[in-house]
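Taking it in order: structure first as structure tokens, then the write-up.
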Amino acid sequence: MMRTVIGIALGLSIAATSGACATEPAGTLPAATAALGTTDLKSIEYSGTGKWFQFGQAPNPTLPWPAFDVSAFTATVNYDAPAARVQMTRKQVVEPDRARPAPVEQKPVQLVSGTFAWNMAAPPGAAPDTPPAPQPQPAAVEERTMEIWTTPHGFLKAAAANNATSQQTEGGSEVSFTTDGGKHKYVGRINAQNQVERIQTSIDNPVLGDTPVVITYTDYRDFNGVMFPGKIVRTQGGYPVLDITVSSVTKNGAADITVPDNVRSFTPPAVTVTAEKLADGVYYMKGGSHHSVAIDQKDHIVVVEGPQDEARSTAVIAKVKETIPNKPIKYLVNTHAHFDHSGGVRTYVAEGATIVTHEMNKPYYEQAWAAPRTINPDKMAQANKTATFETFTDKHTLTDGSRTVEVYKIAGSGHNDAFAMVYLPKEKILIEVDAWAPVAANAPPPPGPPSPFAVNLNDNIRRLNLDVRQIAALHGPRVATLADLQSAVGRAGANPTH
Ligand SMILES: [Zn+2]
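End of the sequence shown sits at 506 in this note's numbering; the numbers just go up one at a time, nothing left out.
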């Protein structure tokens with residue numbers, strides 16, 4: 009959910025002018041271009057309903073991305089700019105066997121134009137009813153650009169502009185081209201009716217590397233003078249992220265999407281990390297939306313959590329080494345496989361650390377981390393390292409003979425089934441994330457009933473009989489106490505996080 013805005017806008021623009029297809033012997037592209045009415049198409053807007061799925065937030069590593077019902081969906085694409093706006097109204101589907109906070113209706117508005125991406129949203133942490141304003145999202149440029157060139161008409165335009173090649177296949181032909189100097193490859197299947205029925209490409213992700221994206225288009229029909237699929241299904245990383253039944257399509261309507269000044273002039277802030285001492289040799293490594301904890305052992309360091317991405321991990325590792333000099337980071341404890349909490353783990357593998365995680369996560373990481381990383385090779389790929397793991401079922405202990413670091417499964421949480429928290433018995437410090445996030449010291453508790461995730465955390469602390477003095481939550485503004493958690497659980501405090 010909390011994808012960082014750290015990242016570089018890739019040079020992703022594609023000249024969208026139509027041109028001759030030099031190496032396209034079968035006439036596939038001209039036939040498809042004519043069949044879909046692409047030549048005079050400058051923009052398209054399509055609407056529908058269906059499902060959206062939250063990429064990277066599976067409840068455990070063997071399950072698909074969690075589903076949201078989409079009651080309204082509209083995508084507006086300007087092929088000349090190129091630019092796009094996607095708006096939807098969605099609400100999470102609560103699985104019958106999973107205790108989640110009551111879902112809240114979301115109305116995201118996501119835009120891209122050339123090398124700029126932004127959302128229309130209230131700023132993070134704003135008061136309710138704050139009006140939406142442009143929020144720069146440079147890390148989203150790659151994905152949103154891909155969404156333009158994987159629309160049926162966009163694919164044909166991009167194929168024509170990028171010297172596509174084609175070959176006959178059973179029941180049609182396959183058209184291929186690359187963009188960005190070969191970084192992104194697109195392969196599309198054109199069927200016997202000259203319709204684009206399947207497109208495959210890849211985009212970068214910190215966990216999955218070159219992440220396969222597959223879009224299938226079926227049920228083509230004439231919508232008001234333009235041929236368009238009635239059904240769109242997109243998978244990303246092997247599971248659906250979008251499943252839309254199209255109800256209306258408009259071509260060449262108004263599609264002016266202007267890059268706001270604050271988006272155009274935005275420079276991502278430097279990744280900052282501060283070290284706050286919680287006890288002798290225990291440091292809360294804070295900064296941004298996702299924190300870590302560093303523990304100074306006799307001849308090595310234990311870091312709890314490698315969130316977000318390599319930029320975050322690189323900054324945390326530098327601060328850890330400054331705070332605890334001349335010792336290697338021997339262990340990285342990973343709380344769970346949600347991508348915002350595992351996107352920086354590979355940097356610790358490159359650093360030589362052993363990954364401590366629940367046993368359910370190991371095969372997932374091993375498979376994900378073996379995928380190619382051609383789009384954005386990270387330090388682990390460059391170092392050609394393989395991860396080593398220590399896994400556990402219910403409990404794992406790390407010790408240097410003096411200080412003990414206990415890693416426990418958070419049992420029965422609706423948030424995740426392979427979910428860990430860390431307890432330091434001598435210091436009576438609990439480290440957790442996504443089970444509960446404290447509010448600022450003098451802030452009122454959030455409205456509504458307590459989050460089932462927080463209730464479950466409190467139950468686990470009681471079940472394990474942990475004597476907790478400080479809770480270092482890896483989301484949130486401050487170190488809290490057990491009394492803070494009990495108050496949130498006992499009175500109010502819905503505080504869902506991802
Ligand atoms: Zn999570």
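Using N, Cα and C, we set each Cβ at its ideal position, and we do this for glycine too.
| Asked | Found |
| --- | --- |
| With the cut-off set at 8 Å, would you say Ile3 and Gln478 are in Cβ contact? | The requested residue 3 does not occur in the structure, where the chain is confined to residues 9 to 506. |
| If you follow the alpha helix (DSSP H) that Leu465 is in, where does it begin and where does it stop? | 460-471 |
| Would you check if there are 3 or more beta carbon pairs closer than 8 Å linking the region 251-266 to the region 48-60? | yes |
| Just how far apart, CA to CA, sit Asp319 and Ala378? | For the record, residue 319 in the displayed sequence is Ala; it is not Asp. Rounded to whole angstroms, Ala319 to Ala378 spans 21 Å at the Cα level. |
| Asp212: which of Thr173, Arg152, Gly162, Thr159 sits nearest, CA to CA? | Arg152 |
| Assuming Arg93 and Val117 make a contact with CB atoms under 8 Å, what is their CB distance in whole Å? | 7 Å |
| Just tell me which of Pro315, Phe81, Lys338 has its CA closest to the CA of Thr407. | Lys338 |
| Please classify Glu284: does DSSP put it in a helix, a strand, or coil? | strand |
| To the nearest angstrom, how far is the alpha carbon of Val507 from that of Ser121? | Outside the shown range of the chain (9 to 506) lies residue 507, about which nothing can therefore be said. |
| Going by C-alpha to C-alpha distance, which of Arg272, Pro142, Trp126, Ala40 sits closest to Ser174? | Ala40 |
| Please confirm whether Tyr356 and Gly314 have their CB atoms less than 8 Å apart. | yes |
| Which residue's Cα is closest to the Cα of Val497: Pro485, Arg470, Asp475? | Arg470 |
| I believe Tyr194 touches Ser184 by the beta-carbon criterion, under 8 Å. Please report the beta-carbon distance rounded to the nearest angstrom. | 7 Å |
| Leaving out the 5 sequence neighbours to the left and right, which residues in its chain are closer than 8 Å to Glu178 when beta-carbon positions are compared? | none |
| Taking the alpha helix (DSSP H) that Pro38 belongs to, which residues open and close that run? | 36-44 |
| Short check: CB of Asp218 to CB of Thr382, under 8 Å? | yes |
| Assuming the contact rule is C-beta atoms closer than 8 Å, Ile439 and Leu482 should be a hit. Round their C-beta distance to whole Å, please. | 7 Å |
| Should Thr138 go down as buried or exposed, given a rule of 16 or more other Cβ atoms within 10 Å for buried? | exposed |
| Let me know if Gly245 comes out buried or exposed under the rule of 16 or more other beta-carbons within 10 Å of its beta-carbon. | buried |
| Would you kindly work out how many angstroms separate the C-alpha atoms of Gly351 and Asp230, rounded to a whole number? | 43 Å |
| Provide the residue(s) that pair with Pro220 in DSSP beta bridges, ordered along the chain. | Ser210 |
| Just list the residues that DSSP pairs Ser256 with in beta bridges. | Ser55 |
| Quick check on this structure: which residue in Ile198, Asn199, Gln203, Ser210 has the alpha carbon closest to the alpha carbon of Gly190? | Ser210 |
| Would you mind working out which of Pro446, Phe76, Asn466 sits nearest Asp251, comparing C-alpha positions? | Phe76 |
| So does the region 406-426 actually touch the region 456-468, counting three or more Cβ pairs closer than 8 Å? | yes |
| If we ignore side chains and look at the alpha-carbon of each, how far apart do Ala30 and Ala166 end up? | Below a pLDDT of 50, predicted positions are generally treated as unreliable, and Ala30, at 40, falls in that range; the measurement from the model is reported next regardless. For Ala30 and Ala166, the distance between alpha carbons rounds to 14 Å. |
| Mapping DSSP to helix, strand and coil, what is Ser495? | helix |
| Quick one: using the 10 Å Cβ neighbour count with 16 as the cut-off for buried, is Gln143 buried or exposed? | buried |
| Alpha helix (DSSP H) containing Tyr356: first to last residue? | 353-358 |
| Write down every uninterrupted run of the beta strand (DSSP E) in the region 308-343 whose length is 3 residues or greater and which is fully enclosed by it, in chain order. | 309-312, 337-341 |
| Report the three-state DSSP secondary structure of Tyr373 (helix, strand or coil). | helix |
| Expressed to the nearest angstrom, what Euclidean distance is found between the alpha-carbon atoms of Tyr225 and Leu216? | 25 Å |
| I'd like the ranges of any alpha helix (DSSP H) spanning at least 4 consecutive residues and lying wholly in the region 96-160. | 149-157 |
| I need the straight-line Cα distance from Tyr291 to Thr331, nearest angstrom please. | 8 Å |
| What does a CB cutoff of less than 7 Å around Pro237 pick up in its chain, not counting 5 residues either side in sequence? | Pro160, Tyr225, Thr226, Asp227, Tyr228, Val254 |
| Based on the DSSP output, what are the partners of Tyr194 in its beta bridges? | Phe185 |
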